[in-house]
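Working notes, beginning with the structure itself.
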Amino acid sequence: MLGRERIELITILKVDVEGGEANVLLGLIHTIRKCQPIIICEVLPLHSKSEEVRSFRNESALKILQMMKDLDYQIINIKTGHEVKAIHEFSASLESSNYIFLPAD
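Residue numbers are given in our numbering: position 56 of the sequence shown equals residue 59, and the series is strictly consecutive.
Below is the structure:
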């Protein structure tokens, strides 16, 4: 049996779990509050031919937006090959599905 390491500080998180990002971030909420890491996160494009998929993605995106707002994080969009800019809502474009969440401090 391996020993458990006690991690005192996390400075950066990368989250890319094909639609489960809101659940992962929610599961890490206490760690995020304590450590205030920079978070690199994919948020899947909000459009989809499937109403069920579109609804799930929109609900997940809204959860993430609210969570980051509550944690006082700024959301920066990384548009592939073009630009990096602060945003207030997530993009429907696949080329704009990567974000950096920065703590206010």
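For glycine and all other residues, C-beta sits at the position ideal for the given N, C-alpha and C.
For clarity, every value in this text was computed on a predicted model and none was experimentally measured.
Beta carbon of residue i nearer than 9 Å to that of residue j
i, j, result
"ILE42", "TYR76", "yes"
"ALA25", "ILE78", "no"
"PRO40", "ILE13", "yes"
"VAL46", "TYR102", "yes"
Alpha-carbon to alpha-carbon, residue j and residue i
i, j, result
"ARG60", "GLY22", "7 Å"
"HIS33", "VAL18", "16 Å"
"PHE93", "LYS37", "25 Å"
"GLU62", "GLY30", "17 Å"
"GLN69", "ALA89", "16 Å"
DSSP beta-bridge partners of residue i
i, result
"ALA89", "ILE79"
"LEU16", "ILE42"
"ILE103", "ILE43, ILE79"
N-terminal and C-terminal residue of the beta strand (DSSP E) that residue i is part of
i, result
"VAL46", "First-last for VAL46: undefined, no H or E at that position."
Sequence-distant residues of the same chain with beta carbon closer than 7 Å to residue i, five excluded per side
i, result
"ASP108", "GLN39"
Endpoints, alpha helix (DSSP H) assigned at residue i
i, result
"ARG60", "54-73"
Cut-off 6 Å between Cβ atoms - residues of its own chain near residue i, not counting five sequence neighbours on either side
i, result
"LEU16", "PRO40, ILE42"
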